[in-house]
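Read the structure below first, then the notes.
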Amino acid sequence: MLACDDTIPSCAYTSYSEANVTAQNALRQAAIEQGWFSSHYGVDTHQTECGTIYYTYWFEEFVMD
Numbered sequence: 000m001l002a003c004d005d006t007i008p009s010c011a012y013t014s015y016s017e018a019n020v021t022a023q024n025a026l027r028q029a030a031i032e033q034g035w036f037s038s039h040y041g042v043d044t045h046q047t048e049c050g051t052i053y054y055t056y057w058f059e060e061f062v063m064d
């Protein structure tokens, strides 16, 4: 039987709380530096081949069309 790949990407977190706080801080910094009036972020959940859960985040300016 082949071993599964349990590699967690370097930009990911194994703690939801840590990913969430980092996302908030990154969003706050981007909003200040880029002058965003309205923005939002999210934390996504992923799983390695072996079943280890890890989290990544994203953020962006919220633009209404």
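Per numbering that gives the first Met the number 0: the sequence shown = residues 0 to 64.
Note that beta-carbon positions come from the ideal geometry of N, C-alpha and C, so glycine has one too.
These figures come from a predicted structure and were not determined experimentally.
1. Leaving out five residues before and five after Cys49 in sequence, what residues of the same chain have Cβ atoms less than 8 angstroms from its Cβ?
2. Select from Tyr56, Ala11, Gly34, Met63 the residue whose C-alpha is nearest the C-alpha of Tyr41.
3. What distance in whole Å lies between the Cβ atoms of Phe61 and Leu26, which are believed to be in contact at a cut-off of 8 angstroms?
4. What is the rounded straight-line gap between the Cα of Asn24 and the Cα of Ile52?
5. Tell me which residues share the same chain as Cys10 and place their Cβ nearer than 7 angstroms to its Cβ, disregarding the 5 neighbours each side in the sequence.
Taking the structure as given:
1. For the purposes of this step, residue 49 is identified with residue 50 of the sequence shown, where counting begins at 1. Contacts found: Cys3, Asp4, Asp5.
2. Locating residue 41 in the sequence shown gives position 42, counting from the first residue. This sequence places Gly at residue 41; Tyr is not what is there. Checked all of Tyr56, Ala11, Gly34, Met63; the closest Cα to Gly41 is Tyr56.
3. Within the sequence shown, residue 26 is the residue found at index 27, counting from 1. Within the sequence shown, residue 61 is the residue found at index 62, counting from 1. Not really, about 11 angstroms apart at Cβ, beyond 8 angstroms.
4. In the sequence shown, residue 24 corresponds to position 25, counting from 1. In the sequence shown, residue 52 corresponds to position 53, counting from 1. Their backbone Cα atoms lie some 22 angstroms apart in a straight line.
5. Indexing the sequence shown from 1 puts residue 10 at position 11. The residues are Thr55.
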